[in-house]
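A short write-up of the structure that comes next.
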Amino acid sequence: MTKVRSAGTADGELPLLRQLTTVPNLLSILRLAGVPVFLWLLLGPEEDGWALVLLVLSGITDWLDGKLARLLDQTTKLGQLLDPAADRLYIAAALLAFLLRGIVPWWIVALLVGRELVVGLGLVVLRRHGFAPPEVTYVGKAATFNLMYALPLMLVTHEPTTTFAEVAQPFAYAFTTWGAVLYLWSGALYLWQIARAVSRDSRRTV
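Numbering-wise (the working numbering), the sequence shown opens with residue 5 and increments by one.
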């Protein structure tokens, strides 16, 4: 885990404005702009079909911005923040809408939101010690993968009136369960990394 520079940009790092205008980051910003539209579609007119289309498009751009960042050599610190932020906001928006519509039980939402709050507090402590946020782990990526598949399946199967919905419902439950378990596990891993970094830093300053 690395310390944050107090001023200026890291060696070889683009200025913020240049980072904003790279193709991968523009795609991430476009994904972020779709979050309120996604939430409105679910809670306003309840246009689940269009919400599903938007979620699929978000998943495609999520895959595309990572590929383009590597292909165009445009991997940036800003992109490393925007990409997981967009994932978390889509998951949070979907969970909020699903909770209000009775699609998911409250305890699943409570577990996932509680995890975010605890990790968020840990990141604040980490920042006060001068460290950058830890990199996304493979467990965290697997959790996001499962949840991003669970969300559209839950949307399609919450009222299983078709054969497809009946067949897909067990998969929706499976992706949701594994996604929640992995999300909590990744949170525990982040807290362990944070605690280790803070402990080492405290020993150095004594």
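Beta carbons: idealized from backbone N, C-alpha and C, even for Gly.
Since this is a predicted model, take the numbers as computed values, not measurements.
ASN29 is the residue among ASN29, LEU186, GLY183 and LYS145 whose C-alpha sits nearest the C-alpha of LEU86. Shown here for TRP182: same chain residues with a beta carbon closer than 7 Å to its own, the five before and five after excluded, namely ASN150 in chain order.
Note that the C-beta distance between ARG132 and ALA90 is not below 7 Å.
Judged by DSSP secondary structure, THR65 falls within the alpha helix (DSSP H) whose first and last residues are 52-75. Setting aside the 5 residues that flank it on each side, LEU93 is surrounded in the same chain by VAL39, each with a C-beta closer than 6 Å to its C-beta; the list follows chain order.
Burial check for GLY48: the Cβ neighbour count within 10 Å stays below 16, so the residue is exposed.
Contact annotation, GLY191 with VAL122: C-beta distance approximately 7 Å; criterion of less than 8 Å satisfied. Listed in chain order, the non-local C-beta contacts of ARG119 below 8 Å within the same chain comprise TYR187, LEU188 and GLY191, local neighbours out to five positions each way being set aside. With distances taken between CA atoms, LEU68 lies nearest to SER32 out of VAL117, SER32, GLY124 and LEU82. Each residue's CA atom was taken as its position, placing ARG22 and PRO137 some 22 Å apart. With distances taken between CA atoms, LEU24 lies nearest to LYS81 out of ALA147, VAL171, VAL160 and LYS81.
In this structure, THR161 sits near ALA176, with a CB-CB distance shorter than 7 Å. The continuous alpha helix (DSSP H) containing THR161 extends over residues 142-161. The C-alpha of THR141 is placed about 13 Å away from the C-alpha of ILE198. Each residue's CA atom was taken as its position, placing GLN78 and VAL27 some 8 Å apart. Between the alpha carbons of TRP54 and ALA37 lies a distance of about 15 Å.
Ranked by how close their Cα comes to the Cα of VAL129, the residues LEU58, ASP205, LEU18 and TRP44 have ASP205 in first place.
Within 10 angstroms of the beta-carbon of GLY124 lie fewer than 16 other beta-carbons, which makes it exposed.
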